[in-house]
Structure formats: C-alpha cells, structure tokens
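What follows is a set of notes on a single structure, which appears directly below.
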Amino acid sequence: MSDTATAVPTYSICAEFEGKTYRFRCRADQTVLDAADSADVPLPSSCCTGVCTTCSAVISLGKVEQPDAMGVKVDLQEQGYALLCVSYPRTDLMLKAGQEDSLYDAQFGQYQK
Ligand code: FES
C-alpha cells in the first residue's frame, strides 16, 4: 500500500453474520460493504445504493456516516441501523449484519396490525 493510502484513517470492523464473526479493516473513504468484499467477507447486498435494505446492519459499537441511506429513517439510524453499502466508518465498529427483517419491522411493523 502506498503512503497516500495510509494517510486515510483505517478502522477495525468486527461483523457478525449468520453465527460467524468476521474481522476486517475499512478505510474512512470506503464503505463497510466494499471493505467486506475486498476481504472476502460474504455480507448480503443487492442494490448497493442505499435503497433496498438488503445490507442492513445494527451497529452495536462505533459510528458510521451514511448520508445516502435513503432506506432507513433518521431515528432508526440513531438507534444503530445502518445500510453498509453507503456507510463510511468514523470509528472502529462492532456490528451485526443481515438485519433486513428487523429493520423492516422497525420501520413498517406498526402499519401491519
Ligand atoms: S445493498 Fe441495497 S441498500 Fe445496501
């Protein structure tokens, strides 16, 4: 890696998915999903533009920036929901991926009774 690349902060990501725990590094200018792909970590995704919610995760520790996460209401983002395809780490992260159903319930469950 060149010196220019190391000038961008890099964070440690600990991701749980389907009972397995994966650890990989993610640069501040890279989405968590991109970093997972580069590290051969098989996290779910589909549209990769912040709309479909396939890549939903819950961040249990740390902070992301996700200005393009159209598929998640702001108050749910504040509760830790994130769309990994448009999430840039701002700290080290611990997260649980594969939370599409949980996010759907949180966003729309109230309308289904
Ligand atoms: S893959 Fe569709 S919102 Fe992330």
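Under this note's numbering, the first residue of the sequence shown carries the number 81, and numbering increases by one thereafter. Virtual Cβ for every residue (Gly too), placed ideally from N, Cα, C. Keep in mind the model is a prediction, meaning the values are calculated, not measured.
Residue i: CB within 7 Å of a non-hydrogen atom of the ligand FES
i, result
"CYS106", "no"
"CYS165", "yes"
"CYS94", "no"
"SER182", "no"
"SER125", "yes"
"VAL131", "yes"
"GLY151", "yes"
"THR90", "no"
"THR134", "yes"
Sub-8 Å separation of residue i and residue j beta-carbons
i, j, result
"SER136", "TYR161", "yes"
"PRO124", "ALA186", "no"
"CYS165", "GLY189", "no"
"THR90", "ARG105", "yes"
"VAL152", "LEU163", "yes"
Option in the options with minimal Cα separation from residue i
i, options, result
"ALA87", "ARG107, VAL166, LEU163", "ARG107"
"ASP181", "THR134, VAL166, LYS100", "THR134"
"ASP120", "VAL154, VAL166, THR101, ASP148", "THR101"
"ALA116", "PHE97, GLY130, LEU183, GLU158", "PHE97"
"CYS94", "GLY130, ILE139, CYS128, GLN110", "ILE139"
"ASP148", "THR111, GLN159, GLN179", "THR111"
"LEU183", "SER92, ASP114, LEU156", "LEU156"
"LEU175", "LYS153, VAL152, LEU113, CYS132", "LEU113"
"GLY99", "CYS128, PRO122, ASP109, SER92", "PRO122"
Practice problem: Could you tell me whether the region 143-155 touches the region 168-183, using the rule of 3 or more Cβ pairs below 8 Å? | Solution: The answer is yes - the region 168-183 touches the region 143-155, with three or more Cβ pairs under 8 Å.
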